[in-house]
Amino acid sequence: MSVDHLFNLDQRFSDLTDPLKSVAGSNAEPLTLWVPSEAISLHSVDIPTAPQRKWAELLPWMLEDRVLQPVDEMHFVVAGRDDKKIQIMAVSRQDMLEWIRVAENAGVSAQAMAPDFMALPWEPGILSIGWRDGILLVRQSSNDGFAATPEVAWTLVDSILNDATVPPRLSISLPDEGMVPEYLRSGADINDSTVDWEFAHFPAVNLMKGDFKPKARETAWTFWWPTAAAAAVLLFILAGYFQIASKDLEKQVESREKVYVTSYSQLFSGPKPKPSKIKELVEAKIEQLFKQQQSLQSTPIAVLSALDSIMVACQCELKSINVDGEGLEMKVTNGSKLTKKSLNIPGYQTSLKQEQQDNSELFVLSIRPVVKGRSN
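Just so it is clear: in the sequence shown, position 94 is 94 by the UniProt record's numbering, and no numbers are missing.
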């Protein structure tokens with residue numbers, strides 16, 4: 001994410017005379033900002049005995065006698081801690097709102113803010129001093145520092161050097177070496193480099209917390225997530241519907257299988273088959289029945305079936321029967337009753353002859369199927 005100083009945002013206005021050409025109000029660029037340290041005060045207090053989740057409520061009242069404004073007009077952020085103390089940054093809520101407004105007017109969406117003295121490089125044993133448009137920036141540790149006019153700043157630097165058991169080495173970056181008091185020049189590392197706000201390492205400290213936490217940036221997903229959520233709900237409902245429909249279909253299939261098995265048992269003898277085998281078994285049974293039907297329609301069987309109406313109660317004694325492809329010839333004794341019956345059988349030619357054999361009356365009954373197109 002890009003980094004810049006709050007005071008450099010005026011360079012983002014392309015044409016201040018024509019508001020329509022300003023980037024304000026367009027799609028805001030996310031940016032982390034250095035803000036003026038002179039508007040921020042640093043405090044060190046004992047670690048509260050209350051749970052950490054309660055600190056946000058306690059800190060304003062712990063610092064009530066250290067800040068000049070009413071605590072309800074101040075914004076407090078924990079900047080760091082050690083075993084006994086916590087470091088607190090305090091800034092006016094009005095200043096925070098003003099900085100956010102300036103950023104928005106420049107077409108910037110501020111995502112984080114930190115005091116600009118933290119842009120100075122620092123390492124243990126070194127006191128870093130830098131310059132920003134008439135203001136002296138001083139950094140004495142990872143979270144401690146300040147910004148002030150040169151007259152006030154050099155006095156505070158003297159105080160830091162005098163209070164230190166081992167005076168830190170000075171690293172000074174100013175446009176003119178003459179701006180450094182003469183008594184501080186010896187042993188100091190002095191150069192004319194300026195602070196590169198865009199490439200300076202941005203710290204973990206962030207003033208934009210609590211009430212000033214940045215709003216989530218709107219993306220394409222911001223607009224599409226309701227549709228995606230609705231689609232997900234619809235898919236969930238459809239999945240549930242298909243599951244219910246599937247179970248209902250399974251029940252219908254099971255019920256239908258029971259009906260098929262019962263119907264099969266009513267039509268055919270033998271053990272109950274598995275539902276998956278019913279089609280195969282039924283086809284085999286039907287094929288067998290067709291073959292039986294064809295057998296019954298063959299000449300010998302058909303002729304024998306046709307004799308039922310003639311041979312009923314004839315009290316005959318069968319002597320012989322001859323069956324061939326053209327019909328049937330039967331010889332019986334005691335067939336006198338046959339002479340009194342009608343031998344007319346539709347589709348067949350019948351004849352009855354009486355012969356004398358072994359001193360007994362022998363009747364010869366012949367039945368031949370009628371062949372169409374053939375004269376008798």
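Every residue, glycine too, gets a C-beta built ideally from N, C-alpha and C.
Delimiting residues of the beta strand (DSSP E) encompassing residue i
i: ARG53; result: ARG53 -> no beta strand (DSSP E), and no H or E assigned at all.
i: ASP4; result: 2-5
i: ARG169; result: 169-173
i: ASP189; result: 189-191
Buried versus exposed, by CB contacts within 10 Å (16 or more), residue i
i: GLN11; result: exposed
i: GLU280; result: exposed
i: LEU365; result: buried
i: VAL76; result: For the record, residue 76 in the displayed sequence is Phe; it is not Val. Buried, since its Cβ has 16 or more Cβ neighbours within 10 Å.
i: ILE310; result: buried
i: ASP116; result: buried
i: ALA119; result: buried
i: PRO167; result: exposed
i: GLU38; result: buried
i: ASN344; result: exposed
i: MET1; result: exposed
i: PHE199; result: exposed
i: GLY335; result: buried
i: residue 383; result: Absent from the structure is residue 383, since the part of the chain shown begins at 1 and ends at 376.
i: GLN111; result: buried
i: ILE367; result: buried
i: TRP99; result: buried
i: ASN162; result: exposed
i: ASP15; result: Residue confidence for ASP15 is low, a pLDDT of 49 falling below 50, so the modelled location carries little weight; the figure read from the coordinates is stated next. ASP15 comes out exposed.
Residues bridged to residue i [DSSP beta-bridge criterion]
i: GLU29; result: VAL108
i: GLY130; result: LEU137
i: THR149; result: Looking at the DSSP assignment, THR149 forms no beta bridge with any residue, so it has no partner.
i: ARG368; result: GLN349
i: residue 383; result: In the structure as shown, the chain starts at 1 and stops at 376, and residue 383 therefore has no counterpart that could be examined.
i: LYS85; result: ASP46
i: PHE117; result: According to DSSP, which records beta bridges pairwise, PHE117 is partnered with nothing at all.
i: VAL77; result: MET89
i: SER41; result: ALA90
i: LEU362; result: THR333, GLU355
i: GLU317; result: THR333
i: VAL102; result: According to DSSP, which records beta bridges pairwise, VAL102 is partnered with nothing at all.
i: TRP225; result: Answer is none; TRP225 lacks a bridge partner.
Beta-carbon gap between residue i and residue j smaller than 7 Å
i: LYS331; j: LYS341; result: no
i: PRO175; j: ASP192; result: yes
i: VAL371; j: GLN349; result: no
i: VAL205; j: ALA114; result: yes
i: ARG139; j: TRP154; result: no
i: LEU338; j: VAL303; result: no
i: ARG93; j: GLU64; result: no
i: VAL45; j: LEU6; result: no
i: ALA148; j: ILE172; result: no
Same chain only: Cβ atoms within 7 Å of residue i, ignoring 5 sequence neighbours per side
i: PRO150; result: LEU136, MET179
i: LEU59; result: PHE76, ILE88
i: PRO275; result: GLU257, TYR260, VAL261
i: LEU9; result: VAL102, ALA103, ALA106, VAL108
i: HIS201; result: none
i: ASP144; result: LEU42
Neighbourhood of residue i by C-beta distance below 8 Å, restricted to the same chain and skipping five residues each side
i: PRO273; result: VAL261, TYR264, LEU281
N- and C-terminal bounds of the alpha helix (DSSP H) containing residue i
i: LEU184; result: 182-185
i: MET179; result: Looking at the DSSP string, MET179 is not in any alpha helix (DSSP H), and its letter there is neither H nor E.
i: SER309; result: 308-311
Same chain only: Cβ atoms within 6 Å of residue i, ignoring 5 sequence neighbours per side
i: ILE47; result: ILE86
i: ASN322; result: GLU329
Residue i Cβ short of 6 Å to the ligand MG heavy atom set
i: TYR241; result: Within the structure as shown, the ligand MG is missing, as the structure has no ligands at all.
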